[in-house]
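Report on one structure; see the data block that follows.
Chains as they are written, first to last, in this note's numbering: chain P, 35 to 367; chain Y, 35 to 367; chain L, 35 to 367; chain C, 35 to 367.
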C-alpha cells in the first residue's frame, strides 16, 4: 500500500502511528508529494484514508511516474524545455573521440537541428575486451564541444562514484539500458539536482521502467526523462525490437517526457530513418541518435551511426512529421 | 540452391539435365520468372550459371518476394492500386453482423476515407467456445455492404475448401496470422487469381513471412500484400508487441506492399492512434483497422474496435502524416 | 460461459431454452461430457445452474483439456498406453526415405527401446524451395517399416483432405507446431477416431495449446496427446527455447499426456541429451526424437538428428532417469 | 582481437610493441593467463602469432569463461567444492529475518541436505515501495545462522561500496540478474578473493553471461559460478521462462560450474519441483532454492518459497535423480 500525504510532517506522524499498530513502513519524505509505503501489516484502506494528512491511498506502485494530475511534466535541461510542445533532438557519436572530430560533429548536428550533443565517455561493454572510452577524464572535451556550438550535453554515467563528476560537466545524466535496475545508482541520482535520461532495459516491462523512475523521483529529483531503445525479442534481422505498442502504452501511463533511441533499437543505420519518423508521429518528445562524421572510423557501434549528411536529411523529415502532429523542433541556443 | 530461368522451357530442360546428374530438383514453372529449386545434390554454382536459359543462381531462399528489380510491385485490388503512392485504408467490424449495422459501418468508414471494407465471416478462435461468425454464408452481406458504398472488400479465409467461395465474393483474400504457415492454404491461394493479404504470424520472423509469400507467388499468383500485426514478446500491458524495427527491415527486404494492422497489434482502442500514425510515418502502404458503430455490442474483439467518431478523427491525422511523407490517401470509388 | 451437461438431450433442451431468452449459443453435443457455450447474452450463472441437466457452469474456457476429475487420461496408440506409468519413446528420421534405410533405422530405434516409429511424408517448409517429402504416397513405406519391427507409427498430417489417408496408415496423427491453430484441421481431427499428437505452436501460450486441444476434444475425439517442442525467444545460440517452466505449468493444468520433442527444441544434436534427461525428470510422459543412421545424408534437419549409437546411449540414460521418478519404459510389441 | 600470453611480462612487452605500431590495446595482466585485447588497429593474426610470448590469438571474446583446456573448473566455497562431482544445494529464505526464524530455517534445510544457507539482506525492488531488507547490518545474523548449523552462506551484493562488508561475512557473493551487466560491480568483484555466483540477466543471452563472467575473471578472480534463473518470454502463466535449451548450450560452452535457481524461474512453489528435477537431470552443478518455514509470513516472494516439508520431499527426489546421473549430493560440514 502506498499512502500519499500532504506534508513531510504528516508523513512522519502517520508513519509512527502505523508502526505503533504493527505495520512495517518505509517513508519517502523527500518525494513530492511525500509518500509512505506500507510494506507489511497494512490496515484496511478506508481506515488509513481517515487519518489526518492523508491525501490518497494507492493499492499498487509506482506512483510518482504515473500520477496524472497537473498535465505533462516538463524537464529543464540546461534551459531547454523537454516534454513541452517542442521536440528535442540529441545527436552525436557513440563515444567521445578527439576534440577536433567531436567539434566537427557538434557543429554538423547543430546545423542540422539538434540541440543536445550526446557522446559516451565510459562505455558498457558486453565483455571486457572492447574499447571502454576515455573515462570521466573525457567529460571536459564533451562539455567544451557542446558549449562552443550552443548545445546542451548528455552522457551515460555508470558508477555511483562518478555521479558528481558527471553532474558538474553535463546537462543531462543518462542511465543506460543495462543500468535501469541498478538500484544504488538510481538512488544516488535521486539525490542529485541534474535531470536524468532513464533508458528502458531491453528485458524490462513498461511498469518496471516506471518503477525505476520512481526510485529516482522518490529520492527528491523530479526531473526524469524516459527513453525507449528497443527490447529483446526473436527477430534475428535486427539487434533489438522497437516495440511501438509498448511506447504507446507508456505515453498512456505517464506524463513524464518520453524519448526514443532509434539507433540502438535498430542497430543498423539503414533502419534509423523509419524508426525515427514512426516514433515522432507516435508521440515521442525527443530523440537521441548516433551520428558520426566518418562512421567507418568510429571506435564502437559503427553500423548504426548516421553520417552527417544522412542526419541532415533525416532532420528535414523529422520537421515535416513533427509539423503534422503540431509540434515544432526545439532550437539550439 | 535456387535457379532463375528465362522460360518454362528452360526450366524443364535444366531440371532434366540436373536430375540426370543426380540432383533432386523441384520446378516452379508457373512462377514469374520460372524457378528451379535444387533440394539436394547441387553442382557448383558457376557450372549452373553456364547452362543455357539460366538467368541467375541464388544460394538461399526466398526469392520472389525479395527480388528488387523493377521497383515496387503494385497489387490491383478490385481496381484499387495497392503499393503505389496512395495509402489504402481498410476498415470495418471484426465480424460480419446484421446487414443494417454493417451498412451503417460501411457508410461511416467510407465517409471518413476508407476504401476497403473489412469484416470476418469465419473467425479463428483460440478455443471452440466463442462465436465463430456466420461462415461463408455471410459473404453476400459483406459484398453487398461494400458495393453499396463504393468500397472493396476483404475477409479472412481459413480453409482450402472455402477459397473458391471467398474468391467469388471478396476483392482481397486475407490469410490470418495463425494461418501464415498453413502450407496447403498458401499453395491453394497460389492457384487463385485474387490478391492475397498475408499477415505475419505472431511468432514468425520477417524471413518466414517472405518465405510464406513465396509459397503463394511460386504458384503463379503474383498479387501478395504483406501485413504486420504484432508479435509475441514479454510486455504484459499489450496484447501483442508491434515491432517497428522488423517492419522497417521488411520494407528493406521486399518491394511487395506492406500493410499494418494496428488494432490487433494493440488489442486496445486507446493505443490504435499512436500505432497508426507511427506506421504511416515509417512507410506503411496501407492499414487495416477495426471499427464498429457500437463497440460495446461487438460480438468479438470489442476492446480494440474504434468508434466511427474515433476513426474519423484518426483519418484526419492519417491524412496529415501521409502528406508529410508525400503520400495521398486512396479514394473509394 | 461454458455449461457442462449430463446428456446430449439436456444440451439440446438447455440450448433451446437459452436461445429463447435471447442468448447466442453453440452446442458441443459430441463432446464428453456434452458442452454448451454461451457466446453472448448469457444469463447469470446461478440461474443457469438451476436448470435441469446442468452439471457445471464455467466462466472461462478451455474445459475438456483442463478438467481434473478422474485422474490422468490415458490414450491408446495402437494398443500402447500413453499417459500411464510407462514412458513412450517415438524415434525415427525427419522424413520417410527409401525403405531399406527406414527399415534399418526402425530396427535400430526398436533395439534401443523406442516403441513408435516417427517419419514425415509431407514436410512443412518455411519456403517452397526445400524437399517436401514423398507425400501421402510414402505412408505405406512407413507402415511397413513400423509393422515389420513391432513399432507403432506417427506422422504429421498437414491438410484436411489428407486426414483419411493418414488415419488408415498410421497409429498416431501428428499436428505440427505451425498447424496448432489450423482450426479446420483441428475440427476434422475431432471427427476421426485416431489419436492425435498436438504440438505447441512456437509462438503460442500454454492456454492456447489447451484451447487447441479442446477444438479436437469437443468434436468427439477424446484421444489427444500434447507435445512441447520449444518456443521463440531471444537466445541466438539455439533454434528454439525449451521452456521447462511452461512445461511444468502444463502438467499442472491438464491431465492429458504431455510429450516432449527435444530435437526441434534444440535444433542441435549435441543438446538433445540434456533436454531429454531434463524433460523425463520433470514429468514428460513420452518423447519424440529425430534419429538417422547417417545424419549427414538426411534430406532435412540433419543438424538435429541423433545417430543410432547416440540414441542408444541416450536411451540408457533415459531408463535411469525414468527409474528415478518411478516410471518404466514402454516396450515395443 | 584477443591475445593470450605466457606471462605478465610478455603482456606488457607485446602491448608496448603493438601500441608503437598504432594499435589501441587494453592489457589484462592479472587474468590467468594474461590477456591483451586489441581494441582497434590490430595487425594480421599471423603476424601477432609470431611475437615472443604469444600463446594464442582469438578473433572473438569471451575467452576466460569459455576456454576448455584442463577440464571443469571447480570453485572453493568455504571449503566446499563446487563444480566437481557433488551437487551443491543452497537454500533459505528470500531475505534475512529475525535470528530465531532464520536459525529454524537453517536447521531445516541442513537436515534436508542443503550445504549453503541463502538469504538476502539488500533486496532489489522493482519500485522503491517494497521491503528492502535489513541492509548489510543483517549479515552477522546470516553468518551466525550458517555457522551454527555447519552451512556456508550466500547473499546478494548490490553496490560496489558494499563488497568488502559482504566479502568479510559470507562465503559466496551473489550478483543478481538485474546486476549482471553492472560493470563497475563486476570489476570490483574481479579484485576480491571471494567466489562469485553470477546470475544470468533475464533479458541477456548466454554469450552475454559469459562476457559478464569474463569481466570478473579478467580482473584476477578465478572463482565464478554461473546461474540460470529464467528469462523473459511470452508465457503469462509463469513469472519467467526457464530455458532448458540455453542451459544445455551454456554447459557446452563453459567449464565453469552452472547452478540453477528454480524458485525465480517459476515464481510459483508448485512448479519448483519439476524444474529442480529437470535441471539436475540436465546437468546442473548446484541449486539455489527459496525455502521458508512459514511462506505466508515471508516479507517478500512468498508465492515461490517452499515449506520445509516440501523442501525435504524435494531433496529426496533430488538425491534419486542425482544418483541416476552418477552424482552425489555435497554434504554440509
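A virtual CB, placed ideally from N, CA and C, is assigned to each residue, including glycine.
Since the structure is predicted, the reported quantities are computational estimates derived from the model, not experimental observations.
Check	Outcome
9 Å is my cut-off, CB to CB: does residue 240/P come that close to chain Y?	yes
What are the residues of the region 256–277 of chain Y that lie near chain C, defined by any Cβ-Cβ distance shorter than 7 Å?	266, 267, 268, 270
Can you find a C-beta in chain L that's less than 9 Å from the C-beta of residue 236/Y?	yes
If you follow the alpha helix (DSSP H) that residue 139/C is in, where does it begin and where does it stop?	133–146
With a CB to CB cut of under 7 Å and the five nearest residues on each side skipped, what residues in its chain are close to residue 49/Y?	59, 61, 70
Comparing alpha-carbon positions, which option in 314/L, 292/L, 324/L lies nearest residue 304/L?	324/L
Using only the alpha-carbon positions, how far apart do residue 212/P and residue 216/C sit?	7 Å
Return yes when the Cβ of residue 230/C is within less than 9 Å of the Cβ of residue 189/C, no when it is not.	no
Is the CB-CB distance between residue 179/L and residue 151/L below 9 Å?	yes
Compare the C-alpha of residue 34/L against each of 74/L, 88/L, 124/L, 299/L and name the closest.	Past the edges of chain L, shown from 35 to 367, lies residue 34/L, and the structure says nothing about it.
Return no unless some Cβ of chain P is closer than 9 Å to the Cβ of residue 312/Y.	yes
Of the residues that make up the region 344–362 of chain P, which ones have a beta carbon closer than 8 Å to any beta carbon in chain C?	none
Since I believe residue 291/Y is in contact with residue 249/L (beta carbons under 8 Å), could you give me their beta-carbon distance rounded to a whole number of angstroms?	Not confirmed; about 33 Å, so no contact.
By the three-class DSSP mapping on this structure, what secondary structure does residue 287/L have?	helix
Which of helix, strand or coil does DSSP assign to residue 338/C?	coil
On the DSSP letters alone, give me the boundaries of the beta strand (DSSP E) that residue 62/C sits inside.	58–62
Alpha carbon to alpha carbon, how far is residue 91/L from residue 199/L? Give it in angstroms, no decimals.	39 Å
For residue 20/Y, which of helix, strand or coil comes out of DSSP?	Lying outside 35 to 367, the shown extent of chain Y, residue 20/Y is not represented and no answer is given.
Helix, strand or coil, according to DSSP, for residue 221/P in the structure here?	helix
Go through the region 79–113 of chain C residue by residue and report every complete run of the beta strand (DSSP E) that reaches 3 residues or more, in order.	88–92, 109–111
Comparing the C-beta of residue 286/P with each C-beta of chain Y, is any distance below 9 Å?	yes
Is residue 210/C close to chain B, meaning its C-beta is less than 9 Å from at least one C-beta of that chain?	Given the protein chain composition of this structure (P, Y, L and C), no chain B is represented.
Return the first residue and the last residue of the beta strand (DSSP E) that residue 306/C is part of.	Where residue 306/C is concerned, there is no enclosing beta strand (DSSP E), although the alpha helix (DSSP H) it sits in stretches over 303–316.
Give the DSSP-derived three-state secondary structure of residue 126/C in the structure shown.	strand
Assign residue 320/P to one of three DSSP states: helix, strand, or coil.	strand
Is any non-hydrogen atom of the ligand MG found closer than 8 Å to the C-beta of residue 326/C, if you look at the structure I gave you?	You won't find the ligand MG in this model; it holds no ligand whatsoever.
Along the region 68–81 of chain Y, what residues have a CB closer than 7 Å to any CB found in chain L?	71, 73, 74
Going straight from the alpha carbon of residue 118/L to that of residue 269/L, what length do you get?	35 Å
Establish whether the CB of residue 341/Y and some CB of chain L are separated by less than 9 Å.	no
Among 158/P, 141/P, 196/P, 214/P, which residue has its Cα nearest to the Cα of residue 181/P?	141/P
Rounded to the nearest angstrom, what separates residue 207/P and residue 364/P at their Cα positions?	19 Å
Three or more C-beta pairs closer than 8 Å, one from the region 126–138 of chain C and one from the region 239–248 of chain C: is that the case here?	no
Determine the contact status of residue 132/C and residue 332/C, defining contact as a CB-CB distance below 9 Å.	no
Once DSSP output is grouped into helix, strand and coil, what is the label at residue 280/P?	helix
Have a look at residue 138/L and residue 295/L and give me their C-alpha separation to the nearest angstrom.	22 Å
At the 9 Å Cβ level, is residue 199/P part of the contact set with chain Y, yes or no?	no
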